[in-house]
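Asker: Residue numbers (the numbering used here): 15 to 184. In this text, a Cβ means the ideal position worked out from N, Cα and C, and glycines have one as well. These numbers were taken from a predicted model, which means no experiment stands behind them. Sharing a structure with you now.
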Amino acid sequence: MSQKVIWAPWRMEYILDDNKQSLKNQCLFCQIAAESADRQNLVLYRGKHAYVMMNRYPYNNGHLMIIPFQHTNDLAQLPAPVFVEVMELFRRSIANLQQALQADGFNGGINLGKIAGAGIDAHLHFHIVPRWQGDYNFMPVIGETKVMPQHLLETYDNLVQYFTAERMES
Ligand SMILES: [Zn+2]
């Protein structure tokens with residue numbers, strides 16, 4: 015796989031990595047929810063109805079996903095309390111990214127269906143991509159994170175402190 019194919023907006027979904035290939039017939043998001051290896055899986059926070067994780071193949075540094083525990087690809091199937099928590103985690107994540115990474119702005123949203131670019135279209139997930147002034151030039155550098163997992167863990171260790179502090183408050 016070429017490392018030069020770095021970024022196409024909204025194509026950078028969570029892609030199955032090699033050690034997950036054996037799980038390809040299962041849902042990766044359900045699998046990660048069931049596992050307890052949160053740092054390894056880049057899971058930053060577990061709420062009651064949803065969790066927050068970093069995208070392993072980020073569009074930008076600090077690219078997060080909010081994932082309901084419920085396995086569905088239908089927004090209408092999410093009960094109101096789940097949807098409320100997803101939105102709450104959405105704004106908390108943005109606040110944490112502002113503090114931890116001094117992001118200047120954000121893109122956020124959802125890809126519904128393969129045609130819209132969803133890498134895992136069976137299980138809803140909401141994206142948050144932090145943006146910085148001049149990050150257009152930053153993109154090729156960020157692309158290197160695809161081959162530098164330690165960079166992801168550095169960001170993880172920074173971000174997780176903000177989510178952990180919140181957990182104690184709530
Ligand atoms: Zn699932």
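Report the three-state DSSP secondary structure of Leu-58 (helix, strand or coil).
Answerer: Taking the first residue of the sequence shown as position 1, residue 58 is located at position 44. Of the three classes helix, strand and coil, the one that applies to Leu-58 here is strand, per DSSP.
Asker: Which residue or residues does DSSP assign as beta-bridge partners of Pro-72?
Answerer: For this step, residue 72 is matched to residue 58 along the sequence shown. Bridge partners of Pro-72: none, in fact.
Asker: What first and last residue would you give for the beta strand (DSSP E) that runs through Leu-78?
Answerer: Position 64 of the sequence shown, counted from the first residue, corresponds to residue 78. Per DSSP, Leu-78 belongs to the beta strand (DSSP E) from 78 to 82.
Asker: With distances taken Cα to Cα, identify the nearest neighbour of Val-96 among Arg-105, Asn-69, Ala-64 and Asn-75.
Answerer: The sequence position of residue 96 within the sequence shown is 82, counting from 1. Here the closest residue by C-alpha is Ala-64.
Asker: Output the boundary residues of the beta strand (DSSP E) element that contains Ile-142.
Answerer: Numbered from 1 along the sequence shown, position 128 holds the residue referred to as residue 142. From DSSP, the beta strand (DSSP E) with Ile-142 extends over 140 to 145.
Asker: Quick one: measure Cβ to Cβ for Ile-80 and Val-100, integer angstroms, because I've assumed they're closer than 8 Å.
Answerer: Working through the sequence shown from its first residue, we reach residue 80 at position 66. Working through the sequence shown from its first residue, we reach residue 100 at position 86. At roughly 5 Å, the Cβ-Cβ gap stays under 8 Å, so Ile-80 and Val-100 are in contact.
Asker: For ligand 1, which residues have a Cβ under 5 Å from at least one heavy atom, in chain order?
Answerer: Result (chain order): Cys-41, Phe-43, Cys-44, His-85 and His-137.
Asker: Between which residues of its own chain and Val-143 is the CB-CB distance below 6 Å, once the five residues before and five after are set aside?
Answerer: Locating residue 143 in the sequence shown gives position 129, counting from the first residue. Tyr-73, Asn-74, His-77 and Asn-121.
Asker: Within the continuous beta strand (DSSP E) that includes Ile-124, where are the two ends?
Answerer: Working through the sequence shown from its first residue, we reach residue 124 at position 110. Residues 119 to 124.
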